[in-house]
Structure formats: structure tokens, C-alpha cells
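Heads up: the structure comes next, in C-alpha cells.
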Amino acid sequence: GENVEQHPSTLSVQEGDSAVIKCTYSDSASNYFPWYKQELGKRPQLIIDIRSNVGEKKDQRIAVTLNKTAKHFSLHITETQPEDSAVYFCAARSPGGSQGNLIFGKGTKLSVKP
Amino acid sequence: GAVVSQHPSRVICKSGTSVKIECRSLDFQATTMFWYRQFPKQSLMLMATSNEGSKATYEQGVEKDKFLINHASLTLSTLTVTSAHPEDSSFYICSARRDRDNSYEQYFGPGTRLTVT
């Protein structure tokens, strides 16, 4: 089955700096890669996603890149703000999984210091 | 759009009792819903995939007789934790996938904090 690795587990940056979180996946057939932001005690919120037919996608300060050959994808947050502090999860959808369920990475706790 | 609700948000029960958690897609239809379990400071672990009108698919290691899933309509799935034990205490989150051609997005409910005493 699919396996998703996420790094780093914790990341601390100064306000205004950029943050990058990286994930690798094992199933070359995986075709959908969302990123979720989860604040303490709250539900995961979808912040950006990318499909396997696209190499990069951007939404204001957030961007995701996908390298299918290397089987890795990354989340880039520019001009970080304190409200970006949260746990971020990457995920991959494997067509061979249970009705195409998402397999999640272990999460990255991002802290943005004012 | 794409709002998912969960009820209750918190529940405390005694060991040996059963607890039912509801997951509803409020503004869209969802043939497929997913149930996750999340321990403190850990990731989301898929427990089972719930399909409207058919039996749920459980992940390896998840006891189907203990975690009963019923997906009776296109907007409602329920998870019943039977004969709960303290080790079942956790944060349970559901997600729903919108019934739309070629849609992969999953939207999460707010979660249910279960404490078994």
C-alpha cells in the first residue's frame, strides 16, 4: 500500500520568512496530493491540493510542487505570519486503496515567531 | 459549501457502554465517508471507509465488531464504539468525499473527543 513520509516534524521560522515542508510517497500510481492545516483541537482544513498531471500550483502565499519522477511533493509558504502556526499534514491518494482514501504523513508542527 | 458536521463534539462514557458518533455532510451528498482516529500530537489514522448502502471497509487491525459503521443515507454515517474501554479514548474525525465527477477532495468534520472512564 501507499506510504507517505513527511519532514520535518517541527519547523520554527521568523515572521516574514518562508517555510517548506516536504513529503515523499511510495505508490507511483498515486494521483492526488492535498495539504491540510490543523489548528489545536480543530478539524483539518484543506489548504491546497495538486493532481498528478500538474507540476506546480499556487494560491497567494501558498504553493505546492510535485515531482512525479522522484515521488515527492512540497508545500511552500512565503511571508509567514503568526496565524500560519499549526500542524500541517500532507496526504496522497492511491487509486488502489480503499475507494481511493487518503494516506497521511505524520505532520509538521509549524511555529511562526513574531 | 462542503460543510461536514459531527455530533457529539465531546462525550464521556463509562467502560463497557456504547457510544454513537454521527457524521453529516450538510450541503452535499457523500456516498463515501471516512472515519479516522487521532491520538494527541499524532497523525490521522484511517479506521474504515463507509459506503452508503453497503458494508464498510475496515483497515487492518481495526475490529469491525467493536467499531460499527452504518451509512444509511447519502448525508449520514455513524460510528458506534461498542463496549468501550479506556484505551478507546481518542479523537475521532470523519471526512466526506463530495459525490461529483472526478472529485477527490475530502472535507473533515470537527471531530469527537471520546473519553472512557
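Protein chains in written order, with the working numbering: chain A, 203 to 316; chain B, 1025 to 1141. Using N, Cα and C, we set each Cβ at its ideal position, and we do this for glycine too. This structure is a prediction, so every number in the text was calculated from the model and none was measured.
- When 7 Å is used as the limit between beta carbons, L213 of chain A is near no residue of chain B, the shortest such separation being about 15 Å.
- According to DSSP, residue pairing for E1076 of chain B in a beta bridge does not occur.
- Sequence-distant partners of R1048 of chain B (beyond 5 residues in either direction) whose C-beta falls short of 6 Å from its own C-beta, in its chain, are S1029, T1099, L1100.
- Separation of S211 of chain A and T310 of chain A (C-alpha to C-alpha, rounded to the nearest whole angstrom) is 4 Å.
- Sequence-distant Cβ neighbours of Q1053 of chain B in its own chain, meaning closer than 8 Å and more than five residues away, are L1098, T1099, R1122, D1123.
- In this model, F1058 of chain B and Y1131 of chain B are separated by some 10 Å (Cα to Cα).
- The DSSP-derived three-state label of E258 of chain A is strand.
- Around the beta carbon of P1064 of chain B, fewer than 16 other beta carbons sit within 10 angstroms, so the residue counts as exposed.
- If you look at F1052 of chain B, you'll find it isn't in any beta strand (DSSP E); DSSP assigns it neither H nor E.
- Interface annotation, K259 of chain A: not in contact with chain B, CB-CB separation never under 8 Å.
- When secondary structure is reduced to three states using DSSP, E285 of chain A falls in the helix class.
- If you draw a straight line from the Cα of Y227 of chain A to the Cα of T1073 of chain B, it comes to about 21 Å.
- The stretch 215-233 of chain A and the stretch 273-281 of chain A touch, with three or more beta-carbon pairs separated by less than 8 Å.
- Note on geometry: alpha-carbon atoms of S230 of chain A and Y290 of chain A lie some 23 Å from one another.
- Chain A has no Cβ within less than 8 Å of the Cβ of I1045 of chain B.
- Within the stretch 215-244 of chain A, contact with chain B at the beta-carbon level (separation under 9 Å) is assigned to N233, Y234, P236, Y238, Q240, G243, K244.
- Sequence-distant Cβ neighbours of S1039 of chain B in its own chain, meaning closer than 7 Å and more than five residues away, are A1108, H1109, P1110, V1140, T1141.
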